[in-house]
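Engineer: To start, I am sharing the structure in question, which I have written as structure tokens.
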Amino acid sequence: MKKLWKILIGILVVLAIVAVVLELSLDKVVLKATNAAGPQLLGVPVSLAKADISLFRGKAALGGLHVGNPEGFKTDGLLDLGSVAVRLDNKSLLSDTIVIKEITIDGLVVTYEQGLRGSNLGALIESLSGEEKEAEEKPEAEEKAGEEKPAKKVIIEKLSITGSRLNFSLTGAAALTGGGAVPIPLPPITLTDLGKDKDGATLLETIQSVLQAIAGAAGSAIGGAGHLLGDGVQAIGGAALDTGKAVGGAAVDAGKAVGGVAADAGKAIGGAAVDAGKAVGDTLKHLNPLKK
Numbered sequence: 004m005k006k007l008w009k010i011l012i013g014i015l016v017v018l019a020i021v022a023v024v025l026e027l028s029l030d031k032v033v034l035k036a037t038n039a040a041g042p043q044l045l046g047v048p049v050s051l052a053k054a055d056i057s058l059f060r061g062k063a064a065l066g067g068l069h070v071g072n073p074e075g076f077k078t079d080g081l082l083d084l085g086s087v088a089v090r091l092d093n094k095s096l097l098s099d100t101i102v103i104k105e106i107t108i109d110g111l112v113v114t115y116e117q118g119l120r121g122s123n124l125g126a127l128i129e130s131l132s133g134e135e136k137e138a139e140e141k142p143e144a145e146e147k148a149g150e151e152k153p154a155k156k157v158i159i160e161k162l163s164i165t166g167s168r169l170n171f172s173l174t175g176a177a178a179l180t181g182g183g184a185v186p187i188p189l190p191p192i193t194l195t196d197l198g199k200d201k202d203g204a205t206l207l208e209t210i211q212s213v214l215q216a217i218a219g220a221a222g223s224a225i226g227g228a229g230h231l232l233g234d235g236v237q238a239i240g241g242a243a244l245d246t247g248k249a250v251g252g253a254a255v256d257a258g259k260a261v262g263g264v265a266a267d268a269g270k271a272i273g274g275a276a277v278d279a280g281k282a283v284g285d286t287l288k289h290l291n292p293l294k295k
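Just add 3 to the spot in the sequence shown (first one is 1) and you have the numbering used here.
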């Protein structure tokens, strides 16, 4: 009997050591996995600076998460997340659906670049929609053959984004000035029960939902900041909007370039007709963050 107890105690000690080693190494594992798999998943540059993971406490903290631009955009990147705090339901980690109790993002910076054919944020959302469609159309034969295990799904009970800022940039101005932009405060964003209605969403679906919420907040912020953008047009491109300079591929009069749309009295350029006397902010209200 004593021998049996010694064996059991020995097994428990080994398991405890393995658990501690795993706990201590999780930070590096998450860092490496994010930096390697992030670009493949999103199709844009992704990097994570630091991670602090504790499965025992069901908590994770991430810092310095950067998401780059889709191809064709000139600014340094799309999203920079200052800090991310995560609370997990530990029991769900071994199931097919991981339940995340809460995600809190603080200090989000969105570099919103608007071009003639749409925005960088809209381009990323559309790209992810295409990837999700391809995944759904995967032949049933592959699944029946068991070549791939079904990916884990996610439920997020609450996601909060606070302390956010949007840097609004025009593609033409960014190309000429190295990425000058107008800063606009973003309203707080709160999402609840993501994926709950269908017993979990895929990671791509979850990311799309969050990006769409950010896009909606960005559209509202841009539409409500016409006065800032009208007074600060030169902050977007410095002296690039002087008379005769080309923005969005068209020569325009000073102060008449709006989101890649050039205005001259009575003329339609870039698919939108605007009067020469209209303010920059008035036209920006018609920009659609999801339009590509």
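Where is the CB? At the ideal position from N, CA and C, for every residue including glycine.
Among Ser130, Thr78 and Asp109, which has the Cα closest to the Cα of Gly118?
Structural biologist: Gly118 has its Cα closest to that of Thr78, out of Ser130, Thr78 and Asp109.
Engineer: Return helix, strand or coil for Glu208, following the three-state DSSP convention.
Structural biologist: Helix at Glu208.
Engineer: Leaving aside the five residues before and after Pro48 along the sequence, list all residues of the same chain whose C-beta is less than 7 Å from its C-beta, in chain order.
Structural biologist: Result list for Pro48: Pro42 and Gly71, in chain order.
Engineer: Whole angstroms is fine: what's the gap from Val87's alpha carbon to Phe59's?
Structural biologist: Using only the alpha carbons, I get a separation of about 18 Å.
Engineer: How many Å lie between Ile159 and Asp196 at the Cα?
Structural biologist: Each residue's alpha carbon lies about 6 Å from the other.
Engineer: Measuring CB to CB, does Ser130 end up less than 8 Å from Pro73?
Structural biologist: Yes. Within cutoff.
Engineer: Leaving out five residues on either side along the sequence, give the residues of the same chain with a beta carbon under 6 Å from the beta carbon of Asn170.
Structural biologist: Thr114, Ala184 and Pro186, listed in sequence order.
Engineer: Just reading off the beta strand (DSSP E) that Asn170 is part of, what are its end residues?
Structural biologist: Start and end: Arg168 to Leu173.
Engineer: Rounded to the nearest angstrom, how far is the Cβ of Leu189 from that of Ala224, given a contact under 8 Å?
Structural biologist: Sure, about 5 Å apart at Cβ, within 8 Å.
Engineer: Using the three-state DSSP reduction, which class does Ser98 fall into: helix, strand or coil?
Structural biologist: Three-state DSSP puts Ser98 in coil, outside helix and strand.
Engineer: So, are the CB atoms of Leu84 and Leu68 less than 8 Å apart?
Structural biologist: A contact, by the Cβ cut-off of 8 Å.
Engineer: Let me know the secondary structure DSSP gives Gly67 once reduced to three states.
Structural biologist: Gly67 falls in the strand class under three-state DSSP.
Engineer: Within 10 angstroms of the Cβ of Ala204, are there 16 or more other Cβ atoms? Answer buried if so, exposed if not.
Structural biologist: The residue in question, Ala204, is buried, as its Cβ has 16 or more Cβ neighbours within 10 Å.
Engineer: With 16 as the cutoff for other CB atoms within 10 Å, does Val32 come out buried or exposed?
Structural biologist: It is exposed - the Cβ of Val32 has fewer than 16 other Cβ atoms within 10 Å.
Engineer: Out of Asp30, Gly46 and Leu15, which one is the CA nearest neighbour of Val210?
Structural biologist: Note on identity: in this sequence residue 210 is Ile, with Val being the wrong assignment. Checked all of Asp30, Gly46 and Leu15; the closest Cα to Ile210 is Gly46.
Engineer: Exposed or buried, Ile10, counting other C-beta atoms within 10 Å across all chains shown (16 or more means buried)?
Structural biologist: The residue in question, Ile10, is exposed, as its Cβ has fewer than 16 Cβ neighbours within 10 Å.
Engineer: What would DSSP say about Asp267, mapped onto helix, strand or coil?
Structural biologist: Bear in mind that a pLDDT of 33 at Asp267, under 50, signals an unreliable position, so the model cannot answer this.
Engineer: By Cβ distance, which residues of its chain are closer than 6 Å to Asp109, with the 5 residues on each side in sequence left out?
Structural biologist: Contacts found: Gly85, Ser86, Thr165 and Gly166.
Engineer: Closest by CA to Ser163, which one among Leu206, Ala220, Lys53 and Leu127?
Structural biologist: With distances taken between Cα atoms, Ser163 lies closest to Ala220.
Engineer: By how many angstroms is the C-alpha of Ile106 removed from the C-alpha of Gly222?
Structural biologist: Their Cα atoms are separated by approximately 23 Å.
Engineer: Grab me the residues of Leu96's own chain with a C-beta within less than 8 Å of its C-beta, minus the 5 sequence neighbours each way, in chain order.
Structural biologist: Within the same chain, Leu96 has close Cβ partners Leu58.
Engineer: When you compare only the Cα positions, how much space is there between Leu81 and Asp202?
Structural biologist: Roughly 30 Å separates the two Cα atoms.
Engineer: My guess is that Asp99 and Pro153 are in contact by the Cβ rule of under 8 Å, so how many angstroms apart are they, rounded?
Structural biologist: Contact holds; Cβ gap of about 7 Å.
Engineer: Between which two residues does the beta strand (DSSP E) carrying Ala52 extend?
Structural biologist: It spans Val49 to Ser57 - the beta strand (DSSP E) in which Ala52 sits, taken as one unbroken run.
Engineer: Which whole-angstrom value describes the C-beta separation of Ile101 and Val89, a residue pair presumed to lie in contact below a C-beta threshold of 8 Å?
Structural biologist: Not quite, the Cβ-Cβ distance comes to about 11 Å (not below 8 Å), so this is no contact.
Engineer: Return the chain-ordered list of same chain residues with a C-beta closer than 6 Å to the C-beta of Val112, the five sequence neighbours on each side being excluded.
Structural biologist: Correct list, in chain order: Asp83 and Arg168.
Engineer: Excluding the 5 residues preceding and the 5 following Lys35 in the sequence, name in chain order all residues of the same chain whose CB lies nearer than 6 Å to its CB.
Structural biologist: Answer for Lys35: no residue qualifies.
Engineer: For Leu15, collect the residues of the same chain with a Cβ closer than 6 Å to its Cβ; drop the 5 residues on either side in sequence, then sort them by chain order.
Structural biologist: Within the same chain, Leu15 has no close Cβ partners at all.
Engineer: Quick test of your reading: Ala216 and Gly125, contact by CB under 8 Å. State the CB separation rounded to the nearest angstrom.
Structural biologist: So it is not a contact: roughly 14 Å between Cβ atoms.
Engineer: Assign Thr195 to one of three DSSP states: helix, strand, or coil.
Structural biologist: Three-state DSSP puts Thr195 in a strand.
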